[in-house]
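To start, the structure under review is shown below, and the notes come after it.
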Amino acid sequence: MSEHKSSVTVPSLQLCRLMRPDDANIFGSVHGGTILRMIEEAGGIISTRHCNTQDGDRCVAALGRVEKTEFLSPMFIGEVAHVCAEITYTSQHSVEVQVHVMSENVLTGAKKVTNKAALWYVPCSLKNVDKILDVPPIKYASPEQEEAGRKRHEVQKTVRLNTKERNEEVPPPASKPEPHTVGFSQSSLIHLVGPNDCMFNDFVNGGVTMKLMDEVAGIVGARHCNTRIVTACVDAINFHRKIKKGSLLKVQGRITFTSPRSMEIQVIVDVEPLIEADKATYRAVSAFFTFISLDKDNRPLPVPLLKVEGEEEQRRFEEGKERYLQNKARRIADSQVAP
Amino acid sequence: MSEHKSSVTVPSLQLCRLMRPDDANIFGSVHGGTILRMIEEAGGIISTRHCNTQDGDRCVAALGRVEKTEFLSPMFIGEVAHVCAEITYTSQHSVEVQVHVMSENVLTGAKKVTNKAALWYVPCSLKNVDKILDVPPIKYASPEQEEAGRKRHEVQKTVRLNTKERNEEVPPPASKPEPHTVGFSQSSLIHLVGPNDCMFNDFVNGGVTMKLMDEVAGIVGARHCNTRIVTACVDAINFHRKIKKGSLLKVQGRITFTSPRSMEIQVIVDVEPLIEADKATYRAVSAFFTFISLDKDNRPLPVPLLKVEGEEEQRRFEEGKERYLQNKARRIADSQVAP
Amino acid sequence: MSEHKSSVTVPSLQLCRLMRPDDANIFGSVHGGTILRMIEEAGGIISTRHCNTQDGDRCVAALGRVEKTEFLSPMFIGEVAHVCAEITYTSQHSVEVQVHVMSENVLTGAKKVTNKAALWYVPCSLKNVDKILDVPPIKYASPEQEEAGRKRHEVQKTVRLNTKERNEEVPPPASKPEPHTVGFSQSSLIHLVGPNDCMFNDFVNGGVTMKLMDEVAGIVGARHCNTRIVTACVDAINFHRKIKKGSLLKVQGRITFTSPRSMEIQVIVDVEPLIEADKATYRAVSAFFTFISLDKDNRPLPVPLLKVEGEEEQRRFEEGKERYLQNKARRIADSQVAP
């Protein structure tokens, strides 16, 4: 194949699937977790495909990080989800994939952009899962494009390194907590990793973990608000360790902050390797989900104020407020920049 | 939209999905049924979308006929299935969709055509499912193309009509048992143990077997009562032998006893080790399920009396009555002991 | 670990999961089988975890017995199921797990106990599934508690032994058909149409029906050949009547013809509208599937000749042969036309 041709065929992929009752809550809106799982499936396929376009060891692309993801518009049962993934940058050992999600109502013809996401993958050898392989370079449309990718790569590397340390304990909730306290809505979910959660090798697909995280955050949010709630945003998630088949995932969620129209829920995933020799439980992932509350016509409802108890909860509330204000400022800045 | 533009945009669609353990048999090859379902999903989406591109009633495209489909090459777990659908002909009331399926091994880059299929759809009004709507015409690349489509349409209409008569000729089962007899509601269910039924090793989780048992008991109960029914109680179940992946479970259920407000259903699980050296079928588990019948406000309804035929059924009815009376006595005793 | 600490950490586990449409019947109440499966999952995890807390062979806890389980109150789609499991007794070779299930309506805050269950597990070595390992002892809160557990263990051992004999008494089916006859491999499958089988309206997607048809044909083929088999071809299928949610599909398959390298299987779908006013069963679809038999390297194997019995089977065999020869002739013609 000629030089020219390969620069034309940008590595891209389009997944597309009809949304079923199981993909949605009882009000018919598709779970954020379902969409996160499709996004990761598209990213996993395209980066695994790309990293195997060279000679040498076969490999599987493992999810390393998902950048902050916003849910711009809800999706419903019976709509078709279109998930378009494209490789936008490669470093020596990592692949950046950008994904667009669109919903299509085939009855009315209406189409809406529901998500834009960016994911980072690392190619792990099939023979030895701890060996990271080299990534074949892609062609860029312009030197500026390549430079922008290099910057995104530097930023995520720095941020990723910093988050590695934070490991907070989630204490068990008090007995019979009062409504609108942290303890009242605190939830957890336990999942045994089965064959269907793993694809090319014996390690969980990142999308499976994210779907569980969204599910537990959804339970926390519903408990706090007693209304129908939907995912509005997921902060960046870092995946530091691979999770093996047969492990037990403990996914815990608790509210950290509420604004008048949104709530921030922290989700933590701990892994217990049930039948391994080394059974030490470890923290695999943690992230902040933002949910909003809707009435039956999909209009935002006020979110009850979180009743904070103790210094620890107060500190987390302040940190959440900080993130909320920063995001708000960024959104305003973005909207002013836009043409 | 200009004439030219609409003739260029041939209505087409591409589905794409990673193949999971659940999609395949225990040797890793994807079931033909999984592929057929994806083909129909693509066909249903593209024809529903096309038939809604005009004003008037919204509609859903219902599958009318699938032409002969060949499976040209196997597909495996971990491969990506690409399903491309295109509308190739429209008559006043029907849509022809042609579908190509390709498998892609993202590790080796190998791609293979696995199927070519043709499906016919009919647009049914959403308001009145028996009302067939008109299909908007498509543009053809050439008059020959349109003519070829018209011929395929004529052929399928003729063949379809013939099979309709053939199907209706089929006589009903010779001995239709009388309602409320044991034979009338007796049901069975056959399940091939797949990868997802086994967790840590190659043996079925007991919970999978119990779920199937409850499912068959539910069908028996629904047939006997013709109402919504729910599980009230399961007697002790003993698991004497492990059931290996690849075995065939035959789960049979029959009513043994009815009280005025409940029915007892015996469920038996026989195992046929399809791919073992010793293929002797053995009885793995059996248990008694008690179901009750509910109205739409979840209040108990009377259960029709079982019509017992023959000594064997009479004996089982008496034994069921015995268990029923014992349970009742125990419940009364328990409630008196409680403080 | 100190004496004190291990006496405090009673081995316990809490599973929790949102109930989905697939977990329930079409009226929204969760299947007893779904709950039984969750109960067993919790029991399996906690006992596998406990039995691996010692050095030596890794093991998996296999379910030996479930005590009588009552369903005290219904659970619905959209509720959260909480499944709490606790190890309450251990003998040398078995573990007793007690499980409580509670439903929580996160919108109203209502919580209800739905089940209490007791299960017995046995640790089987991962290396040799027939080797039963020793169970590490647990600490009891009081000698009375241990004594009560010992009594439950004795009772279940006695009852279990009795049912073992009872199970083995069951005579094999009266007339076991001879291998390679039509009757020997004839199979059927019963499926209750649920919410997830229907997409835009209340009627089954054609693809769901085709998947079930392929599944039953696969069972017939596997029984006839005792090898791995794959779908080679499906003849045209006509869908004459829509199938409504809540209907019962009876999918039956039987071999009609064998060539040296293939077999033709006829699949028939009959529909019983369980909850309609007109409950007459009707024939919805029928089709011919062709399967081939493969060795472990995916090379075709010979198919055993069908033993035909009676005029009816002979007629169907001849008709199948006719279709086979026509297809073969067409394939040869097609390959000669190709450039």
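Protein chains in written order, with the numbering used here: chain A, 1 to 339; chain B, 1001 to 1339; chain C, 2001 to 2339.
Ideal Cβ placement from N, Cα and C applies to all residues, glycine included.
Outcome for A241 (chain A) when other beta-carbon atoms lying within 10 angstroms are tallied against a minimum of 16: As a working mapping, residue 241 (chain A) is identified with position 241 in the first sequence. Inspection of the sequence shows that residue 241 (chain A) is occupied by Arg rather than by Ala. Exposed: under 16 other Cβ atoms inside 10 Å.
Endpoints, alpha helix (DSSP H) assigned at E1041 (chain B): Sequence index remark: in the second sequence, residue 1041 (chain B) carries index 41 (1-based). Its alpha helix (DSSP H) spans residues 1032 to 1051.
Could you please give me the residues that DSSP links to C2198 (chain C) through a beta bridge? To locate residue 2198 (chain C), count along the third sequence from 1; it is residue 198. Paired residue(s): C:V2204.
Using 10 angstroms around the beta-carbon of P1143 (chain B), count the other beta-carbons present and answer buried if the total reaches 16, otherwise exposed. In the second sequence, counting from the first residue as 1, residue 1143 (chain B) sits at position 143. Exposed, since its Cβ has fewer than 16 Cβ neighbours within 10 Å.
Min CB distance T48 (chain A) to chain B below 8 Å: Residue numbering aside, residue 48 (chain A) sits at position 48 when the first sequence is read from its first letter. At least one chain B Cβ lies under 8 Å of T48 (chain A).
Since D2055 (chain C) contacts K2127 (chain C) with CB under 8 Å, what's their CB separation in whole angstroms? Within the third sequence, the letter at position 55 stands for residue 2055 (chain C). Within the third sequence, the letter at position 127 stands for residue 2127 (chain C). Actually they do not touch by this definition, with Cβ atoms about 15 Å apart.
Going along the chain, which unbroken runs of the beta strand (DSSP E) with 3 or more residues stay wholly within the segment 224 to 287 of chain A? 228 to 234, 247 to 259, 262 to 273
Chain B beta carbons: is any one of them nearer than 8 Å to that of E96 (chain A)? What you label residue 96 (chain A) is simply residue 96 of the first sequence in a count that begins at 1. No, because no Cβ of chain B sits closer than 8 Å to the Cβ of E96 (chain A).
Exposure label - H2093 (chain C); buried when at least 16 CB within 10 Å: Counting from 1 along the third sequence, the entry for residue 2093 (chain C) is found at position 93. Exposed, since its Cβ has fewer than 16 Cβ neighbours within 10 Å.
Hey, could you find the ends of the alpha helix (DSSP H) F184 (chain A) is sitting in? If you number the first sequence from 1, residue 184 (chain A) lands on position 184. Here the alpha helix (DSSP H) through F184 (chain A) covers 182 to 185.
Contact with chain C by D270 (chain A), beta-carbon distance below 8 Å: For the purposes of this step, residue 270 (chain A) is taken as the residue at position 270 of the first sequence. For D270 (chain A), the answer is no, since every Cβ of chain C falls outside 8 Å of its Cβ.
Can you tell me the Cα-Cα spacing of T1009 (chain B) and A1148 (chain B), whole angstroms? Taking the second sequence and counting its residues from 1, the one referred to as residue 1009 (chain B) is at position 9. Taking the second sequence and counting its residues from 1, the one referred to as residue 1148 (chain B) is at position 148. In this prediction, T1009 (chain B) scores a pLDDT of 47, lower than 50, which makes its location untrustworthy; the coordinate-derived value is nonetheless stated afterwards. When rounded, the distance between both Cα atoms is 20 Å.
Closer than 8 Å, CB to CB, is A1333 (chain B) near chain C or not? Reading the second sequence from its first residue, position 333 is the one you call residue 1333 (chain B). So, not an interface residue.
Which chain A residues sit within Cβ distance under 7 Å of P1195 (chain B)? Mapped onto the second sequence, residue 1195 (chain B) falls at position 195. Going along chain A in sequence order, the residues near P1195 (chain B) (Cβ under 7 Å) are P195.
Residues of the segment 2035 to 2059 of chain C with Cβ closer than 9 Å to any Cβ of chain A, in chain order: E2041, A2042, G2044, I2045, T2048, R2049, N2052, T2053, R2058, C2059
Looking only at DSSP bridge pairs, what is Y324 (chain A) linked to? Working through the first sequence from its first residue, we reach residue 324 (chain A) at position 324. Beta-bridge pairing links Y324 (chain A) to no other residue.
Among all the DSSP beta bridges, which residues are the ones paired with Q1098 (chain B)? Residue numbering aside, residue 1098 (chain B) sits at position 98 when the second sequence is read from its first letter. Q1098 (chain B) is bridged to B:E1086, B:A1118.
Contact list for C2233 (chain C) against chain B, beta-carbon separation under 8 Å: Here the question's residue 2233 (chain C) lines up with position 233 in the third sequence. Those within 8 Å of C2233 (chain C) in chain B are K1068, T1069, E1070, F1071.
Cβ contact check for the segment 2066 to 2073 of chain C and the segment 2021 to 2031 of chain C: 3 or more pairs under 8 Å: no
When the Cα atoms are used, what is the spatial distance from E96 (chain A) to Q266 (chain A)? Position 96 of the first sequence, counted from the first residue, corresponds to residue 96 (chain A). Position 266 of the first sequence, counted from the first residue, corresponds to residue 266 (chain A). Their Cα atoms are separated by approximately 25 Å.
Coarse secondary structure for P123 (chain A), derived from DSSP in three states: As a first step, residue 123 (chain A) must be located in the first sequence, where it is residue number 123. Three-state DSSP puts P123 (chain A) in a strand.
Identify whether K1296 (chain B) lies in helix, strand or coil by the three-state DSSP scheme. In the second sequence, residue 1296 (chain B) corresponds to position 296, counting from 1. Residue state, collapsed to three classes: coil.
Per DSSP, what kind of secondary structure is I1077 (chain B) in: helix, strand or coil? For the purposes of this step, residue 1077 (chain B) is identified with residue 77 of the second sequence, where counting begins at 1. The answer is coil: DSSP assigns I1077 (chain B) none of H, G, I, E or B.
Does the beta-carbon of S335 (chain A) have 16 or more other beta-carbons within 10 angstroms, so that it is buried, or is it exposed? Start at 1 with the first residue of the first sequence, and residue 335 (chain A) comes out as number 335. The residue is exposed, with fewer than 16 neighbouring Cβ atoms inside 10 Å.
Can you tell me whether DSSP reads R2316 (chain C) as helix, strand or coil? The sequence position of residue 2316 (chain C) within the third sequence is 316, counting from 1. Note: R2316 (chain C) maps to helix in three-state DSSP.
What number of angstroms, rounded off, separates the C-alpha of I2046 (chain C) from the C-alpha of V208 (chain A)? Translated into the one-based positions of the third sequence, residue 2046 (chain C) becomes position 46. Translated into the one-based positions of the first sequence, residue 208 (chain A) becomes position 208. Looking at the two C-alpha atoms, the distance is approximately 22 Å.
Measuring straight from C-alpha to C-alpha, what distance separates M2038 (chain C) and T1181 (chain B)? Position 38 of the third sequence, counting from 1, holds the residue named residue 2038 (chain C). Position 181 of the second sequence, counting from 1, holds the residue named residue 1181 (chain B). Between M2038 (chain C) and T1181 (chain B), the C-alpha separation is close to 33 Å.
Proximal chain C residues relative to K176 (chain A), where beta-carbon distance stays under 9 Å: Start at 1 with the first residue of the first sequence, and residue 176 (chain A) comes out as number 176. None at all; the shortest Cβ gap to chain C is about 11 Å.
Would you decide whether R2330 (chain C) is buried or exposed? Buried here means 16 or more other CB atoms lie within 10 Å of its CB. As a working note, residue 2330 (chain C) is residue 330 in the third sequence. Exposed, by the Cβ-count rule.
Please decide whether Q266 (chain A) counts as near chain B, where near means a Cβ-Cβ distance under 8 Å. The residue you call residue 266 (chain A) lines up with position 266 of the first sequence. No, Q266 (chain A) does not count as interfacial toward chain B.
Check whether the Cβ atoms of I2292 (chain C) and I2229 (chain C) lie closer than 8 Å to each other. Reading the third sequence from its first residue, position 292 is the one you call residue 2292 (chain C). Reading the third sequence from its first residue, position 229 is the one you call residue 2229 (chain C). The answer is yes: Cβ separation under 8 Å.
Hey, would you say A2251 (chain C) sits closer than 8 Å to V2269 (chain C), going by beta carbons? Locating residue 2251 (chain C) in the third sequence gives position 251, counting from the first residue. Locating residue 2269 (chain C) in the third sequence gives position 269, counting from the first residue. Sequence inspection shows Val at residue 2251 (chain C); the Ala mentioned does not correspond to that position. Against a cut-off of 8 Å, the Cβ pair of V2269 (chain C) and V2251 (chain C) comes out as a contact.
With a threshold of 6 Å on Cβ separation, who are the neighbours of E1169 (chain B) within its own chain once the five nearest residues in sequence on each side are excluded? The sequence position of residue 1169 (chain B) within the second sequence is 169, counting from 1. Summary for E1169 (chain B): the model assigns pLDDT 42, below 50, so the residue's position carries little reliability; its value from the coordinates is reported in the next sentence. Taken in chain order, the list of residues that qualify is empty.
Could you pull the start and end residues of the beta strand (DSSP E) that F71 (chain A) belongs to? Position 71 of the first sequence holds residue 71 (chain A). It spans 69 to 71 - the beta strand (DSSP E) in which F71 (chain A) sits, taken as one unbroken run.
How is V1135 (chain B) classed by DSSP in three states: helix, strand or coil? If you number the second sequence from 1, residue 1135 (chain B) lands on position 135. Of the three classes helix, strand and coil, the one that applies to V1135 (chain B) here is coil, per DSSP.
Compute the Euclidean distance between the alpha carbons of I2132 (chain C) and D2297 (chain C), then round it to the nearest angstrom. Sequence index remark: in the third sequence, residue 2132 (chain C) carries index 132 (1-based). Sequence index remark: in the third sequence, residue 2297 (chain C) carries index 297 (1-based). So the alpha carbons of these two residues sit roughly 36 Å apart.
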